[in-house]
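Encoded as structure tokens, the structure appears first; notes follow it.
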Amino acid sequence: MIGIGVDIGGTFVKFYVINERGELLHKEKTETDYAHGSDGFLHQVAAFINQIQARYPDQAVAVGVGAPGDVDNQRGILRFNPNLKFTDVDDWPLADRLQELTKIRPYVANDATMAAWGVYERALHRQGTNVLVVTLGTGVGGGLIINRELYQGSNGTAGEIGHTKIACTKTGPLCGCGARGCLEAFVGTIGIRRRVWEAVQAHPQSVLAHMVQTEKDFKIELVSRAAQKGCPVALQIWKDTGFYLGVGIANWVLVLDVDTVVLTGGVSGAAPYFLPAVQEVLRHQQIPTPFKNLKLAVSQDPNIGGVGAALYALHQAAK
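Numbering of the sequence shown is given in this note's numbering, commencing with residue 102 and proceeding in unit increments.
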């Protein structure tokens, strides 16, 4: 059997083809096509799936789709997404339409949820019974493995760690979702950028301030480069990031009693600078039992969302 993973993004759509042994047979990245509307985009996705079916005519094919936003995993509908530029994607029937175009019913889930399954299979090799995966990027997402199965909740929205609150919902920083005090507003790239600007204004002579002023494009990795130079301001930003992230993770560990937490996504590349602060928060929880044997790991596979979608499709088809 062949598994096809489709990772839909606002800028690019990525495709991955994997066999039952977990070997990557093919991957492809192309710009998300807005020129022909949402249905034209689905024709673009279907064309790739049909191409793979034609390439492996003697193999059954399973398809997994990771979509950004609020996904109804039971019906395969993208209920809402603020990052796709189509004007008609509210209640977007992804599964139905792709089935019409390819004759295959895809498994559709939130992209962070698919990434969580990819981490569980690829990074953990299915070691761990209850796992929380946190994706750290522009947004902060999450996925859950409960009793060795992907857990998506009653409505397909389980794992939204980024929008749990760690600060006052009236005075905390504004999140992209429109609420205040969300974890994402502190440890997503937009939140980190906000804290960088505040630090640069407060410490204009710092190495970080100099780097921000001299480099045209601000990227989060700049903070890591400043930290590598020993800049106290940059090091403090990462320490604060670890503290906030630790608070968010601790809340979920207390509720779910998971045995493993894995960090992934672009910001996880700075883990050497912020992970000690995360661990410090977890060590000092007043109810220590769920934290005593908790495993904390980092996975930086940039393909994990699409690979996870392909692997999950194979897993579901095998069942």
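The beta carbon of each residue, even a glycine, is placed where N, CA and C say it ideally should be.
Inter-residue Cα distance where the pair is residue i and residue j
| i | j | result |
| --- | --- | --- |
| alanine 280 | aspartate 108 | 27 angstroms |
| glutamate 121 | alanine 136 | 35 angstroms |
| alanine 351 | leucine 383 | 6 angstroms |
| leucine 275 | tyrosine 345 | 15 angstroms |
| glutamine 401 | methionine 215 | 15 angstroms |
| valine 308 | lysine 340 | 17 angstroms |
| glutamate 250 | leucine 357 | 14 angstroms |
| threonine 361 | alanine 217 | 12 angstroms |
| methionine 102 | threonine 315 | 52 angstroms |
| arginine 294 | proline 158 | 49 angstroms |
| alanine 265 | histidine 226 | One detail in the question is off: residue 265 reads as threonine in this sequence, not alanine. Rounded to whole angstroms, threonine 265 to histidine 226 spans 28 angstroms at the Cα level. |
Continuous alpha helix (DSSP H) stretch holding residue i: start and end
| i | result |
| --- | --- |
| arginine 295 | 290-303 |
| glutamate 201 | 195-203 |
| glycine 141 | 138-156 |
| valine 232 | Careful: valine 232 lies outside any alpha helix (DSSP H), inside the beta strand (DSSP E) at 232-237. |
| proline 377 | 372-384 |
| glutamate 322 | 322-329 |
| leucine 355 | 333-357 |
| alanine 414 | 405-419 |
As assigned by DSSP and simplified to three states, the class of residue i
| i | result |
| --- | --- |
| histidine 127 | strand |
| leucine 395 | coil |
| leucine 284 | coil |
| alanine 268 | coil |
| aspartate 212 | helix |
| leucine 364 | strand |
| aspartate 108 | strand |
| glycine 165 | strand |
Per DSSP, cross-strand counterpart(s) of residue i
| i | result |
| --- | --- |
| glutamate 425 | Any question about residue 425 goes unanswered here, given that the chain covers just 102 to 420. |
| phenylalanine 181 | Asp171 |
| leucine 251 | Ile246 |
- Message: Check whether the region 188-201 and the region 231-247 are in contact - that is, three or more C-beta pairs closer than 8 angstroms.
- Response: Note that the region 188-201 does not touch the region 231-247; fewer than 3 beta-carbon pairs, one per stretch, sit closer than 8 angstroms.
- Message: Pairs of beta-carbons, one from the region 401-420 and one from the region 123-131, closer than 8 angstroms: are there three or more?
- Response: Yes: the two stretches touch, three or more of their Cβ pairs being nearer than 8 angstroms.
- Query: Should the region 158-173 be regarded as contacting the region 221-236, the criterion being three or more beta carbon pairs within less than 8 angstroms?
  - Reply: A contact is defined here as three or more CB-CB pairs under 8 angstroms, and the region 158-173 fails this definition with respect to the region 221-236.
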